[in-house]
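Start counting the sequence shown at 400; every next residue gets the next number (the working numbering).
Note that beta-carbon positions come from the ideal geometry of N, C-alpha and C, so glycine has one too.
Beneath this line is the structure, given in structure tokens, with notes to follow.
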Amino acid sequence: MSFKQKYGSYALITGGTSGIGEEMTKQLAEKGLNIVLVARRQNLLDEKAAALKTKYGVDVKTIQADLTKNEDIQKVIDGTKYIEVGLLIPCAAIENHGLMTKINLEKELALIQLNVTTTYILTHHFANKMVERKRGGILLVSSIIGHMPNPYFSNYAASKAYVLNLGTSLNGELKKYGIDVSVLSPGPTDTPMVTNSDMDITKLPMTVQSPQYVAQVGLNALRKKPVVIPGFKNNMMVTTTNIMPIKFAIKMGASMVEKVLDPDQL
400 MSFKQKYGSY ALITGGTSGI GEEMTKQLAE KGLNIVLVAR RQNLLDEKAA ALKTKYGVDV
460 KTIQADLTKN EDIQKVIDGT KYIEVGLLIP CAAIENHGLM TKINLEKELA LIQLNVTTTY
520 ILTHHFANKM VERKRGGILL VSSIIGHMPN PYFSNYAASK AYVLNLGTSL NGELKKYGID
580 VSVLSPGPTD TPMVTNSDMD ITKLPMTVQS PQYVAQVGLN ALRKKPVVIP GFKNNMMVTT
640 TNIMPIKFAI KMGASMVEKV LDPDQL
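Shown next, in the form of structure tokens:
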């Protein structure tokens, strides 16, 4: 069964104008799905929508929204009132790092709003629609950071642990309604979030992967795996960390991050 046969004609992707989210839109459009593209910048939405329509011949609807704001979450709900969204991928996220007491509180609250609250609200809304139709798919985007303790990424790691547990739990709840739920947990990926940061991620003992590969692994996991971690090294990192005593996992995590952060952030 093709993606379109399984999930219907429309997929909604937040953060779909760059990084992993953009690659998701391209790969889904190539599979013949129409796209609802949600992001903050209208000019970029228009540019990406035009490119998708031209290359793949699909319908693309855009919703300009800053999903750290409750009123803009409602814009997404209102803007899809007459569209059957069969596949939801909330990919937009914020990442903050450094010593918790040195990170601006408003930035951290915005992270929680986008990574946790917005993800839950959209998942709750569209899952209700999918339960009524007895079919659908939800691909949540966590991170390997959500699988283990990560000093200096405490709030971000906590938000991604929430997404991980939400997705794996919903996999068990929604399967009987014909809804596939999977969680994609990437490691370091060559996206603007990473390349524009002040960290030298080449010092980490993991392979920096392309967003194309990560998106492909995530989409392939739907219907097959509740959780997928792209890359052998990333899987080994998570497995090793989870079997060692927690105090050693914390120490190892702190040591790795201290090598890539600016000393002023520690």
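Identify which residue in the options has its Cα closest to the Cα of residue i.
i      : options                           : result
GLU429 : SER417, THR453 and GLY418         : THR453
ALA410 : LYS658, VAL437 and THR588         : VAL437
ALA448 : GLU505, LYS425, VAL530 and GLN664 : LYS425
GLN512 : ALA491, ASP477, ILE642 and GLU657 : ALA491
LYS506 : ASP458, TYR555, LEU487 and GLY478 : TYR555
PRO669 : VAL659, ASN564 and MET635         : What is shown of the chain runs 400 to 665, which leaves residue 669 out entirely.
GLY652 : ALA620, TYR551, ASP661 and PRO585 : TYR551
VAL435 : ILE476, MET400, ARG532 and LYS632 : ILE476
ASN634 : PRO644, LEU583 and ILE472         : LEU583
LYS632 : VAL656, LYS650, LYS623 and ILE543 : ILE543
GLY414 : GLN463, GLU531, LYS575 and ASP661 : GLN463
LYS575 : ARG532, GLN473 and LEU660         : ARG532
GLN404 : GLY535, ILE645 and SER541         : GLY535
VAL457 : GLN473, ASN433 and GLU470         : ASN433
SER678 : GLN441, ASP471 and ASN514         : Outside the displayed span of the chain (400 to 665) sits residue 678, for which this structure offers no information.
HIS524 : LYS480, MET499 and LEU504         : LYS480
TYR406 : ARG622, LYS646 and ASP471         : ARG622
VAL459 : THR500, LYS646, PHE402 and ILE412 : ILE412
Check whether the Cβ atoms of residue i and residue j lie closer than 9 Å to each other.
i      : j      : result
VAL539 : PRO610 : Per the sequence shown, the amino acid found at residue 539 is Leu instead of Val. No, these two residues do not count as a Cβ contact at 9 Å.
VAL562 : THR518 : yes
GLU483 : SER408 : yes
LEU618 : LEU427 : yes
GLY577 : MET529 : yes
ALA526 : LEU487 : yes
GLU421 : GLN615 : no
ILE493 : LEU510 : yes
GLY630 : MET605 : yes
GLY586 : MET636 : yes
Might you give, ordered along the chain, the residues of its own chain that have their beta carbon closer than 6 Å to the beta carbon of residue i, omitting 5 neighbours on each side?
i      : result
GLN664 : GLY497
VAL580 : ILE537, GLY566, LEU569, ASN570 and LEU573
ARG439 : ASP465
LYS468 : none
GLN473 : none
GLY431 : LYS403
Once you ignore the five residues that flank residue i on each side, which residues in its own chain have a CB closer than 8 Å to its CB?
i      : result
THR588 : GLY418, ILE419, VAL607, GLN608, SER609, PRO610 and VAL613
ASP445 : THR461
What does residue i pair with, by DSSP beta-bridge criteria?
i      : result
GLN608 : THR588
TYR409 : ASN433 and VAL484
LEU583 : VAL540 and VAL627
ILE578 : GLY535
For residue i, which residues from the same chain have a beta carbon less than 7 Å from its beta carbon, with the 5 sequence-adjacent residues on both sides left out?
i      : result
ALA648 : MET547, PRO548 and THR640
ILE502 : ASN495
PRO591 : SER417 and GLY418
LEU443 : THR416
ALA620 : SER581, LEU583 and VAL627
GLY545 : ALA556, LYS559, ALA560, VAL562, LEU563 and SER584
LEU603 : PRO587, MET655 and VAL659
Is the Cβ of residue i closer than 9 Å to any Cβ of chain C?
i      : result
VAL580 : No chain C appears in the structure shown, which is made up of a single protein chain.
Is any heavy atom of the ligand FAD found at a distance shorter than 8 Å from the C-beta of residue i?
i      : result
GLY577 : Ligands in the displayed structure: none, and consequently the ligand FAD is not present.
List, from N- to C-terminal side, the beta strand (DSSP E) runs of 3 residues or more that fit wholly inside the segment 427-494.
433-438, 459-463 and 484-489
Go through the segment 522-553 residue by residue and report every complete run of the beta strand (DSSP E) that reaches 3 residues or more, in order.
535-540
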